[in-house]
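Visitor: This structure is in C-alpha coordinates; I'll ask about it shortly.
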Amino acid sequence: MASVHARIHALELADQRMSQLELQWTTFADDLDKLCLINLLVFDAWPFNQKCEYLHSRIIKAAKSNLSAVTVGNTCTLKKPKDLEILYLPERWSNAYVPLADVSPAIFGSLMNPPTLDEWSSTISSMPNDKVTGLSMISYEMLKHLGLSASALLFNLICTCLSDTNIPDLWRQATVFPISKPHEWKCQLKNTRPITLLE
(Lines of atoms letter the chains of each structure in order from A and count residues from 1; the text may use other names and numbers.)
(Lines give C-alpha, C1' and ligand atoms only; values in the text may rest on other atoms or scores of the structure.)
Protein backbone atom coordinates (compact mmCIF):
# COMPACT_ATOMS: atom_id res chain seq x y z
CA MET A 1 0.00 0.00 0.00
CA ALA A 2 2.87 2.35 0.82
CA SER A 3 4.33 1.83 -2.64
CA VAL A 4 1.00 2.84 -4.22
CA HIS A 5 0.96 6.05 -2.17
CA ALA A 6 4.59 6.70 -3.09
CA ARG A 7 3.79 6.19 -6.77
CA ILE A 8 0.77 8.53 -6.57
CA HIS A 9 2.93 11.13 -4.81
CA ALA A 10 5.63 10.78 -7.49
CA LEU A 11 3.02 11.25 -10.24
CA GLU A 12 1.64 14.34 -8.49
CA LEU A 13 5.16 15.81 -8.24
CA ALA A 14 5.81 15.04 -11.91
CA ASP A 15 2.51 16.73 -12.83
CA GLN A 16 3.45 19.82 -10.78
CA ARG A 17 6.88 19.93 -12.42
CA MET A 18 5.27 19.58 -15.84
CA SER A 19 2.85 22.44 -15.14
CA GLN A 20 5.72 24.60 -13.90
CA LEU A 21 7.80 23.86 -17.02
CA GLU A 22 4.89 24.68 -19.34
CA LEU A 23 4.18 27.92 -17.45
CA GLN A 24 7.85 28.96 -17.60
CA TRP A 25 8.03 28.13 -21.29
CA THR A 26 4.87 30.15 -21.99
CA THR A 27 6.23 33.12 -20.01
CA PHE A 28 9.56 32.85 -21.85
CA ALA A 29 7.81 32.67 -25.25
CA ASP A 30 5.54 35.62 -24.37
CA ASP A 31 8.56 37.71 -23.34
CA LEU A 32 10.24 36.89 -26.65
CA ASP A 33 7.09 37.79 -28.56
CA LYS A 34 7.07 41.23 -26.92
CA LEU A 35 10.68 41.80 -27.99
CA CYS A 36 10.31 40.58 -31.57
CA LEU A 37 8.02 42.55 -33.85
CA ILE A 38 8.77 40.28 -36.79
CA ASN A 39 6.50 38.47 -39.22
CA LEU A 40 5.70 35.05 -37.68
CA LEU A 41 6.57 33.18 -40.89
CA VAL A 42 10.04 34.75 -40.88
CA PHE A 43 10.44 34.19 -37.13
CA ASP A 44 9.45 30.50 -37.39
CA ALA A 45 11.90 29.96 -40.25
CA TRP A 46 14.93 31.01 -38.17
CA PRO A 47 17.03 27.90 -37.30
CA PHE A 48 17.45 29.05 -33.70
CA ASN A 49 13.67 29.21 -33.21
CA GLN A 50 13.20 25.82 -34.83
CA LYS A 51 15.77 24.40 -32.41
CA CYS A 52 13.96 26.04 -29.48
CA GLU A 53 10.67 24.47 -30.58
CA TYR A 54 12.37 21.09 -30.95
CA LEU A 55 14.00 21.50 -27.53
CA HIS A 56 10.67 22.49 -26.00
CA SER A 57 8.98 19.39 -27.40
CA ARG A 58 11.83 17.20 -26.07
CA ILE A 59 11.56 18.79 -22.59
CA ILE A 60 7.80 18.20 -22.48
CA LYS A 61 8.20 14.65 -23.79
CA ALA A 62 10.91 13.87 -21.22
CA ALA A 63 8.86 15.35 -18.40
CA LYS A 64 5.87 13.18 -19.34
CA SER A 65 7.81 9.95 -19.76
CA ASN A 66 8.67 7.65 -16.89
CA LEU A 67 11.64 5.32 -16.89
CA SER A 68 10.66 1.75 -16.17
CA ALA A 69 12.25 0.20 -13.10
CA VAL A 70 14.09 -3.11 -13.11
CA THR A 71 14.52 -5.15 -9.93
CA VAL A 72 17.88 -6.88 -9.70
CA GLY A 73 18.40 -9.71 -7.19
CA ASN A 74 15.54 -8.35 -5.03
CA THR A 75 17.98 -5.98 -3.33
CA CYS A 76 17.97 -2.80 -5.39
CA THR A 77 15.80 -1.16 -7.99
CA LEU A 78 17.71 0.54 -10.77
CA LYS A 79 15.93 3.41 -12.45
CA LYS A 80 18.60 5.10 -14.52
CA PRO A 81 19.81 3.71 -17.85
CA LYS A 82 23.40 4.39 -16.79
CA ASP A 83 22.97 1.99 -13.83
CA LEU A 84 21.47 -0.71 -16.03
CA GLU A 85 24.38 -0.56 -18.48
CA ILE A 86 26.87 -1.56 -15.76
CA LEU A 87 25.14 -4.95 -15.48
CA TYR A 88 26.09 -5.83 -19.04
CA LEU A 89 29.81 -5.07 -18.92
CA PRO A 90 32.18 -7.75 -20.20
CA GLU A 91 33.85 -9.60 -17.33
CA ARG A 92 37.29 -8.18 -18.13
CA TRP A 93 35.93 -4.66 -17.44
CA SER A 94 33.55 -5.37 -14.56
CA ASN A 95 36.36 -5.35 -11.95
CA ALA A 96 37.30 -1.82 -12.98
CA TYR A 97 33.81 -0.63 -11.97
CA VAL A 98 33.62 -2.37 -8.58
CA PRO A 99 33.50 0.30 -5.83
CA LEU A 100 36.84 0.79 -4.04
CA ALA A 101 36.82 -0.52 -0.46
CA ASP A 102 38.96 2.34 0.92
CA VAL A 103 36.64 5.09 -0.37
CA SER A 104 33.71 6.01 1.84
CA PRO A 105 30.40 5.99 -0.06
CA ALA A 106 29.32 8.98 2.05
CA ILE A 107 31.47 11.35 -0.03
CA PHE A 108 29.20 10.69 -3.01
CA GLY A 109 26.03 11.54 -1.08
CA SER A 110 25.55 15.04 -2.46
CA LEU A 111 27.38 14.50 -5.75
CA MET A 112 24.21 14.10 -7.84
CA ASN A 113 22.23 16.83 -6.10
CA PRO A 114 21.11 19.49 -8.58
CA PRO A 115 23.11 22.72 -8.45
CA THR A 116 21.86 25.57 -6.34
CA LEU A 117 20.89 28.80 -8.06
CA ASP A 118 24.03 30.44 -6.61
CA GLU A 119 26.26 27.66 -8.00
CA TRP A 120 24.57 27.97 -11.38
CA SER A 121 24.92 31.78 -11.47
CA SER A 122 28.58 31.51 -10.44
CA THR A 123 29.27 28.94 -13.17
CA ILE A 124 27.59 31.06 -15.86
CA SER A 125 29.39 34.26 -14.81
CA SER A 126 32.81 32.52 -14.74
CA MET A 127 32.53 31.22 -18.32
CA PRO A 128 35.16 32.72 -20.66
CA ASN A 129 34.22 35.21 -23.38
CA ASP A 130 35.04 35.08 -27.10
CA LYS A 131 34.76 31.30 -27.45
CA VAL A 132 33.47 29.51 -30.55
CA THR A 133 29.83 28.44 -30.31
CA GLY A 134 28.35 25.03 -31.00
CA LEU A 135 25.73 24.20 -33.62
CA SER A 136 23.06 26.25 -31.82
CA MET A 137 25.21 29.39 -32.15
CA ILE A 138 24.51 30.23 -28.48
CA SER A 139 27.60 31.86 -26.98
CA TYR A 140 28.64 32.14 -23.33
CA GLU A 141 28.03 35.88 -23.61
CA MET A 142 24.40 35.22 -24.56
CA LEU A 143 23.95 32.98 -21.51
CA LYS A 144 25.46 35.67 -19.28
CA HIS A 145 22.93 38.23 -20.51
CA LEU A 146 19.74 36.15 -20.30
CA GLY A 147 16.75 37.75 -18.60
CA LEU A 148 15.18 36.34 -15.45
CA SER A 149 12.58 34.18 -17.24
CA ALA A 150 15.08 32.69 -19.68
CA SER A 151 17.64 32.12 -16.89
CA ALA A 152 15.04 30.32 -14.77
CA LEU A 153 13.98 28.19 -17.73
CA LEU A 154 17.59 27.25 -18.55
CA PHE A 155 18.35 26.49 -14.88
CA ASN A 156 15.31 24.18 -14.66
CA LEU A 157 16.30 22.50 -17.93
CA ILE A 158 19.82 21.81 -16.61
CA CYS A 159 18.45 20.48 -13.30
CA THR A 160 16.05 18.20 -15.20
CA CYS A 161 18.88 16.94 -17.42
CA LEU A 162 20.98 16.13 -14.34
CA SER A 163 18.16 14.43 -12.42
CA ASP A 164 17.04 12.38 -15.44
CA THR A 165 20.65 11.67 -16.53
CA ASN A 166 19.65 12.62 -20.05
CA ILE A 167 20.20 15.53 -22.42
CA PRO A 168 18.42 16.66 -25.60
CA ASP A 169 19.55 14.78 -28.70
CA LEU A 170 20.87 17.94 -30.35
CA TRP A 171 23.36 18.38 -27.50
CA ARG A 172 24.91 15.02 -28.36
CA GLN A 173 25.97 16.21 -31.80
CA ALA A 174 29.55 17.35 -32.26
CA THR A 175 31.28 19.17 -35.09
CA VAL A 176 34.93 18.36 -35.80
CA PHE A 177 37.06 21.01 -37.53
CA PRO A 178 40.57 20.15 -38.77
CA ILE A 179 42.77 23.19 -38.13
CA SER A 180 46.03 23.38 -40.07
CA LYS A 181 49.29 23.08 -38.19
CA PRO A 182 51.90 25.81 -38.79
CA HIS A 183 53.41 23.98 -41.76
CA GLU A 184 51.79 23.28 -45.14
CA TRP A 185 48.68 21.06 -45.09
CA LYS A 186 49.30 19.00 -48.30
CA CYS A 187 45.84 17.38 -47.91
CA GLN A 188 47.14 15.18 -45.07
CA LEU A 189 45.04 14.86 -41.92
CA LYS A 190 48.22 14.31 -39.90
CA ASN A 191 49.06 17.95 -40.69
CA THR A 192 45.92 19.17 -38.91
CA ARG A 193 44.90 19.59 -35.32
CA PRO A 194 41.22 18.61 -34.98
CA ILE A 195 39.00 20.46 -32.52
CA THR A 196 35.53 19.29 -31.55
CA LEU A 197 32.73 21.76 -30.85
CA LEU A 198 30.06 20.57 -28.42
CA GLU A 199 26.94 22.30 -27.14
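Per our numbering, the sequence shown starts with residue 42, numbered consecutively. Here a beta-carbon is modelled for each residue, glycine too, at the ideal position from N, C-alpha and C.
(1) Secondary structure at I220, three-state DSSP: helix, strand or coil?
(2) For Q65, count neighbouring Cβ atoms within 10 angstroms of its own Cβ and tell me buried if that reaches 16, exposed if not.
(3) Report the start-end ranges of each alpha helix (DSSP H) in the region 168-203 that is 4 residues or longer and not cut off at the edges.
(4) So what does DSSP say about I148, is it helix, strand or coil?
(5) With burial defined as no fewer than 16 other Cβ atoms inside 10 Å of the residue's Cβ, what is the status of F196: buried or exposed?
(6) By DSSP's criteria, T237 is part of a beta bridge. Which residues make up the other side?
(7) Rounding to the nearest angstrom, what Cα-Cα distance links P146 and M153 in this structure?
(8) Under the assumption that T237 contacts K222 (Cβ atoms under 8 Å), give the Cβ distance between them as a whole number of angstroms.
(9) Secondary structure at I208, three-state DSSP: helix, strand or coil?
(10) Here's the rule I'm using: 16 or more other beta-carbon atoms within 10 Å means buried, otherwise exposed. How should D189 be labelled?
(11) Judging by CA-CA distance, which residue of I179, S166 and D171 is the nearest neighbour of K185?
(12) Does L198 pass the burial test, meaning 16 or more other C-beta atoms within 10 Å, or should it be called exposed?
(13) Would L211 and E240 be called neighbours here (beta carbons separated by less than 8 Å)?
(14) On the criterion of 16 or more Cβ atoms from any shown chain inside 10 Å, does L230 qualify as buried, or is it exposed?
(15) What are the boundary residues of the alpha helix (DSSP H) that D159 is part of?
Guide: Considering the structure as presented:
(1) Looking at I220 - three-state DSSP - the assignment turns out to be strand.
(2) By the Cβ neighbour-count rule, Q65 is buried, with 16 or more other Cβ atoms within 10 Å of its own.
(3) The qualifying runs are 181-185.
(4) Looking at I148 - three-state DSSP - the assignment turns out to be helix.
(5) It counts as buried.
(6) For T237, which the question treats as bridged, DSSP gives the partners V217.
(7) Each residue's Cα considered, the two are about 13 Å apart.
(8) Rounded to the nearest angstrom, the Cβ distance from T237 to K222 is 17 Å, too far for a contact under 8 Å.
(9) Shown here, I208 sits in coil according to DSSP, grouped into three states, outside any helix or strand.
(10) The question names Asp, yet the displayed sequence has Leu at residue 189. It is exposed - the Cβ of L189 has fewer than 16 other Cβ atoms within 10 Å.
(11) Of the listed residues, the one whose Cα sits closest to K185 is S166.
(12) By the 10 Å Cβ count, L198 comes out buried.
(13) Closer than 8 Å, so yes.
(14) It counts as exposed.
(15) D159: member of the alpha helix (DSSP H) spanning L158 to S166, first to last residue.
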